[in-house]
Structure formats: structure tokens, C-alpha cells
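*Asks:* For reference, each letter of the sequence shown is one residue, going 3 to 191 in the working numbering.
Ideal placement from N, C-alpha and C gives every residue a C-beta, glycine not left out.
I'd like to ask you about the structure that follows.
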Amino acid sequence: MRTGVQAIDGVPVTTRLAMKMEDSLQAFAVRAACFIGELEVPFSEEFDGHDYGATHVIAYIGDEPIGTVRVRWFKSFAMCERLAVMQRFRGHNVGNLLLERCRRLAESRGCNMLYTQVLPSDTGYWEKQGWRRLVPEEMSRAGDKRIVAMVKQVDPSKPLPEVEAPESIVLRREPTLDSSGKPVGAVTN
Ligand SMILES: CC(C)(COP(=O)(O)OP(=O)(O)OC[C@H]1O[C@@H](n2cnc3c(N)ncnc32)[C@H](O)[C@@H]1OP(=O)(O)O)[C@@H](O)C(=O)NCCC(=O)NCCS
């Protein structure tokens, strides 16, 4: 696994946490290009209502946003999701740089474990970044998609903490709210 991309064509690649609305918009622009434009993910699925309760990490080449990842914070893990690098900037390990920034952020917040849910076709990428399947060959569903839960310890020198697998594997889309603020639809296990 390569780590620590420093520059693309001599221009330094840096990462930053979104602090203000403009930063968040940069993260959303990268995601819109990659997921909605390139991968044909529906808008309603991509922007699922959790963006304003999440931490956004953005990668830049100079001042240009080129990649992003979102982190949501749960009781026993930090969930990394929506990892994307603009197509023309791929092949320089920017994804790893973003995930490593997530790891350090989680470490600084006293979190022991990183967690993600990926498509079966993407597990190879995450394994290369040092992640492993939470339950070998176990899959669950997110809507009509099959997904694989994967984890990585925040401190690589320590064993993975005991995982409450059911909590992680069955992590479901949180319900949307109706106009009066009540959850729409039942969330069942
Ligand atoms: C996943 C993504 C962020 C990686 O971008 P990146 O950081 O530029 O990744 P790189 O092209 O530098 O690849 C890093 C390594 O992973 C490997 N890799 C990339 N995609 C892979 C895949 N789907 N399966 C297995 N390995 C993969 C590369 O071969 C490379 O390996 P190497 O270090 O041995 O050379 C990017 O492909 C992307 O934005 N995809 C679209 C959005 C998406 O699908 N996100 C879901 C998260 S997987």
C-alpha cells in the first residue's frame, strides 16, 4: 500500500476539514461529479440528509478541490463514506491521503475504529488501504444494493476492538422527516 501522496505534477496535494459553507460546497461538487455524474447515483441517494451532521475532509491541489470523504460519528466507530476523487486526478493515491486524514482525526477524538460500507466490487480497493471485512463474506443490503461492512483499527499497532457486529452491519438509512418533523417510514431490523 502506497501512502502519503505529496504532489501531482509538482503541485502539493493537501487535505483540510470543511469549516464553512463554501468548503462543504466544494466537497458536494466533487461528489456530484463522481457519484451523480460518473456513477449515475441518484441525487436523493447521494445527498441523504446526513451532510450537515458529518465532518467533510477535502483534498486540494493548490486551491482546487479534487477529492473528498465524509465522516459520521457513532458510539463505537467513525464511519467513512462518500470517498471520491475527481476522475482526472486519480492514480495518485489521493483516496488513501483522505482516509489517513480520517484516521488521524478519529484518533484525535479518542475513537478506536473506522467503519465503512462498500459495494462488493470495491472491497479490493479498501483491502489495499488496510481495511478488512467485518464479517467474512457477510453482506447486507442498502436499498436494492448489496453492501459489505469493512473496518480498520485507528491505531494499527493495536488489535481491532471488539465490534458489536449487529449494530454495525444493520446500520440503516436513518429515516427522513415529514413536514411536521416526524420520521417518515418505519426503521426495522
Ligand atoms: C476509489 C477512489 C477514491 C480511489 O481513487 P485514488 O485515490 O486516485 O486511487 P488510485 O487510483 O491512486 O488507486 C490506489 C490503489 O488502489 C487500487 N485500486 C483502485 N481502485 C480499485 C478497485 N476498485 N479495486 C481494487 N483496487 C483498486 C489501485 O490499483 C492502486 O493500487 P496500487 O497502490 O497498488 O497501485 C476513486 O477511484 C474514485 O473516486 N472512485 C469513484 C467513487 C467511488 O467509487 N467511491 C467509492 C469508494 S471505493
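For the stretch 6 to 59, list the beta strand (DSSP E) runs that are entirely contained and at least 3 residues long, ordered along the chain.
*Replies:* 13 to 19
*Asks:* Which stretch, first to last residue, makes up the alpha helix (DSSP H) that contains residue 82?
*Replies:* The residue you call residue 82 lines up with position 80 of the sequence shown. Counting along the chain, residue 82 falls outside any alpha helix (DSSP H), though it belongs to the beta strand (DSSP E) covering 80 to 87.
*Asks:* State the beta-bridge partners of residue 160 as determined by DSSP.
*Replies:* Along the sequence shown, read from residue 1 onward, the residue named residue 160 stands at position 158. Residue pairing for residue 160: DSSP places it in no beta bridge.
*Asks:* Where residue 37 and residue 98 are concerned, what is the direct C-alpha to C-alpha distance, given to the nearest angstrom?
*Replies:* Translated into positions along the sequence shown, residue 37 becomes position 35. Translated into positions along the sequence shown, residue 98 becomes position 96. Rounded to the nearest angstrom, the two C-alpha atoms are 18 Å apart.
*Asks:* Measuring only from the beta carbon, is residue 130 closer than 7 Å to any heavy atom that is part of ligand 1?
*Replies:* On the sequence shown, position 128 is the one that residue 130 refers to. Under cutoff, so the answer is yes.
*Asks:* Let me confirm a value: residue 189 is counted as buried when at least 16 other C-beta atoms fall within 10 Å, else exposed. Which label applies?
*Replies:* On the sequence shown, residue 189 is found 187 positions in, with the first residue counted as 1. Residue placement at residue 189 is poorly supported in this model, since its pLDDT is 48, which falls under 50; the coordinates are not used for a value here.
*Asks:* Between which two residues does the beta strand (DSSP E) containing residue 69 stretch?
*Replies:* In the sequence shown, counting from the first residue as 1, residue 69 sits at position 67. Looking at the DSSP string, the run of the beta strand (DSSP E) that includes residue 69 is 66 to 75.
*Asks:* By the 10 Å Cβ neighbour count, where 16 or more other Cβ atoms means buried, how is residue 184 classified, buried or exposed?
*Replies:* By 1-based counting over the sequence shown, the position of residue 184 is 182. Looking at its Cβ environment, which holds fewer than 16 other Cβ atoms inside 10 Å, residue 184 is exposed.
*Asks:* By the three-class DSSP mapping on this structure, what secondary structure does residue 121 have?
*Replies:* Here residue 121 is taken as the residue at index 119 of the sequence shown, counted from 1. Collapsing the DSSP output to three states places residue 121 in coil.
*Asks:* Roughly how many angstroms lie between the CA atoms of residue 65 and residue 85, to the nearest whole one?
*Replies:* On the sequence shown, position 63 is the one that residue 65 refers to. On the sequence shown, position 83 is the one that residue 85 refers to. Taking the straight line joining both Cα atoms gives about 19 Å.
*Asks:* Quick one: is residue 151 buried, meaning 16 or more other Cβ sit within 10 Å of its Cβ, or exposed?
*Replies:* Here residue 151 is taken as the residue at index 149 of the sequence shown, counted from 1. With 16 or more Cβ atoms within 10 Å of its Cβ, residue 151 is classed as buried.
*Asks:* Quick check on the burial criterion: 16 or more other C-beta atoms within 10 angstroms. Buried or exposed for residue 80?
*Replies:* One-based indexing of the sequence shown puts residue 80 at position 78. By the neighbour-count rule (16 or more Cβ atoms within 10 Å), residue 80 is buried.
*Asks:* With three or more beta-carbon pairs closer than 8 Å as the criterion, would you say the stretch 66 to 77 touches the stretch 19 to 32?
*Replies:* yes
*Asks:* Report the three-state DSSP secondary structure of residue 184 (helix, strand or coil).
*Replies:* Within the sequence shown, residue 184 is the residue found at index 182, counting from 1. Collapsing the DSSP output to three states places residue 184 in coil.
*Asks:* Considering residue 96, what are the terminal residues of the alpha helix (DSSP H) in which it resides?
*Replies:* Position 94 of the sequence shown, counting from 1, holds the residue named residue 96. Element bounds for residue 96: 96 to 110.
*Asks:* Helix, strand or coil for residue 92, going by three-state DSSP, please let me know.
*Replies:* Within the sequence shown, the letter at position 90 stands for residue 92. Assignment of residue 92 by DSSP, reduced to helix, strand and coil, places it in the coil class.
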